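Chemist: Below is one structure. I have some questions about it.
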Amino acid sequence: MIPVREAVAGVQAYGLLPGDRRKMIRMDLNENAWGCSPRVLEALQEIAPEDIGVYPYYADFLAEIARVNNVSEDNLVLSNGADDIIRTIMQVFVDAGEKVLVADPSFGIIALHAQIVGAELCKMPYEDDLNFPLEKCLQELPSAKLLAIVRPDSPTGTFISRENLQLILAAAPNCIVMLDETYHHFLGESCLDLLESYPNLIIIQSFSKAYALAGLRIGLAFAQREVVGELRKVALPFAVNALAVKAGMAALRDTDYLAMTIREMKAEKAWLREQFDKLGYDSRDSFANFILVNIGERADEIAELLKSENVYVKNLNKMDLLKGWYRMTINRRPENEKLLSVIKGTMP
Ligand SMILES: Cc1ncc(COP(=O)(O)O)c(C=O)c1O
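According to this note's numbering, the sequence shown is numbered sequentially starting from 387.
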């Protein structure tokens, strides 16, 4: 075969999700088990041939996102999910050999796209208490081109404080700070208000989690106008399809549904932690839609058993800081009960 670029040769493909999704309980992908707003389904039912026979129009959607977030349309760019804008940002800012900083463990797609552009990837281990490695980050910053921070992060579930984030932004005027806010609705706080003050800040958000539109693929980035101009050169002109635009618009407008699902997810999260506590397992809350549970030495074996029962968890056993732990997305009660019953079956 004709050789691929050197940077691509060492990359492992993400791979397709196997099987029939409706037969699985997936607690490993941080999807939203409550599903999207009924308004989204209504909007999709109203689709006419002339809506999908033409290339998508973004003006109304951009205006609505700008209004909801109190920014100008010139401050944002759409993408085919947050994954896609991460790739675009790497392509726009990082040349081969330039340094990309990311805390470890963190969202794998960041390292993947850094690798594909040929960056020198510098992974900074989280502190033992799973807090952001601030000191190490400040040391590495002067020689870095891009720093990726996920807030709140996955799988750690922790988040960097605004004060520390501002410290970093000020210390690194020549480094792009890519702040991934995919889970910000669950945390209840965004850093969009910092955009005005920091030309090096790019904030990523997604419609996959709180809005439960993962299958439709809508992501976006916010930044100062000049940065957005550069991102738009590389972003695909029609990255978000016409159905997704209709759905996204309906989701944005149904603020009651958004609030309700977040509230219910949090209540279920507390219940699930309580059950693990009663069973004698250590758990950690997150500021997102998952918990971490310490399963212990049998983590690999029990993950396989769960899989045989169609329950998928994110087994973190190979990560130094989280040996023996699982990350589990909060599902609804029947699915959570099924998880607990399989785990109980493994206990003496
Ligand atoms: C931190 C983080 N960023 C981005 C994404 C991807 O989001 P999207 O579905 O919008 O591509 C995920 C998905 O799990 C994530 O955990």
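Here a beta-carbon is modelled for each residue, glycine too, at the ideal position from N, C-alpha and C.
Keep in mind the model is a prediction, meaning the values are calculated, not measured.
Report yes or no: do three or more beta-carbon pairs, one from the segment 494 to 508 and one from the segment 544 to 553, lie closer than 8 Å?
Modeler: In short, these stretches do not touch, since the Cβ pair count stays below three.
Chemist: Taking the alpha carbon of Ile-438 as the point to measure from, which residue in Val-626, Phe-662, Met-646 has its own alpha carbon closest?
Modeler: Among Val-626, Phe-662, Met-646, the Cα nearest to that of Ile-438 is on Val-626.
Chemist: What does a CB cutoff of less than 6 Å around Met-705 pick up in its chain, not counting 5 residues either side in sequence?
Modeler: Answer for Met-705: Pro-491, listed in chain order.
Chemist: Give me the DSSP bridge partner(s) of Ser-666.
Modeler: Residue identity check: residue 666 is Gly in the sequence provided, not Ser. Per DSSP, none; premise fails for Gly-666.
Chemist: Taking all protein chains shown into account, decide if Trp-420 is buried (16 or more other Cβ within 10 angstroms of its Cβ) or exposed.
Modeler: Buried, by the Cβ-count rule.
Chemist: Give the straight-line distance between the Cα atoms of Glu-432 and Ile-604, rounded to the nearest whole angstrom.
Modeler: Rounded to whole angstroms, Glu-432 to Ile-604 spans 20 Å at the Cα level.
Chemist: Taking 8 Å as the cut-off, decide whether the C-beta atoms of Lys-569 and Ala-674 are in contact.
Modeler: In the sequence as displayed, the identity of residue 569 is Tyr instead of Lys. Yes; because the gap between Cβ atoms is below 8 Å, this pair is in contact.
Chemist: Are there three or more Cβ pairs, one per stretch, closer than 8 Å when the segment 387 to 399 is compared with the segment 604 to 617?
Modeler: Cβ pair count under 8 Å is below three, so no.
Chemist: Quick check on the burial criterion: 16 or more other C-beta atoms within 10 angstroms. Buried or exposed for Val-591?
Modeler: It should be noted that the sequence gives Gln, not Val, for residue 591. So Gln-591 ends up on the buried side.
Chemist: So is the beta-carbon of Gly-634 under 7 Å away from any non-hydrogen atom of ligand 1?
Modeler: For ligand 1, not one heavy atom lies less than 7 Å from the Cβ of Gly-634.
Chemist: Would you identify the three-state DSSP class for Glu-506, choosing helix, strand or coil?
Modeler: The answer is strand: DSSP assigns Glu-506 an E or B state.
Chemist: Suppose contacts are defined by Cβ-Cβ distances below 8 Å. Is Cys-561 in contact with Leu-533 by that definition?
Modeler: Contact flag set, yes.
Chemist: Between which residues of its own chain and Glu-459 is the CB-CB distance below 7 Å, once the five residues before and five after are set aside?
Modeler: Here the set comprises Leu-448, Ala-449, Ala-452.
Chemist: Looking only at DSSP bridge pairs, what is Ala-489 linked to?
Modeler: According to DSSP, which records beta bridges pairwise, Ala-489 is partnered with Met-510.
Chemist: May I have a chain-ordered list of the alpha helix (DSSP H) segments no shorter than 4 residues that lie completely inside the segment 390 to 419?
Modeler: Whole alpha helix (DSSP H) segments, 4+ residues: 392 to 395.
Chemist: Do Lys-724 and Val-758 have their beta-carbon atoms positioned less than 8 Å apart in this structure?
Modeler: Only positions 387 to 734 of the chain appear in this structure, which leaves residue 758 out of reach.
Chemist: Less than 7 Å separating the Cβ of Gly-574 from some heavy atom of ligand 1?
Modeler: No; taking the cut-off as 7 Å, the Cβ of Gly-574 has no heavy atom of ligand 1 nearer than that.
Chemist: Does the beta carbon of Phe-406 fall short of 7 Å from some heavy atom of ligand 1?
Modeler: One detail in the question is off: residue 406 reads as Asp in this sequence, not Phe. Asp-406 Cβ: outside cutoff for every heavy atom of ligand 1.
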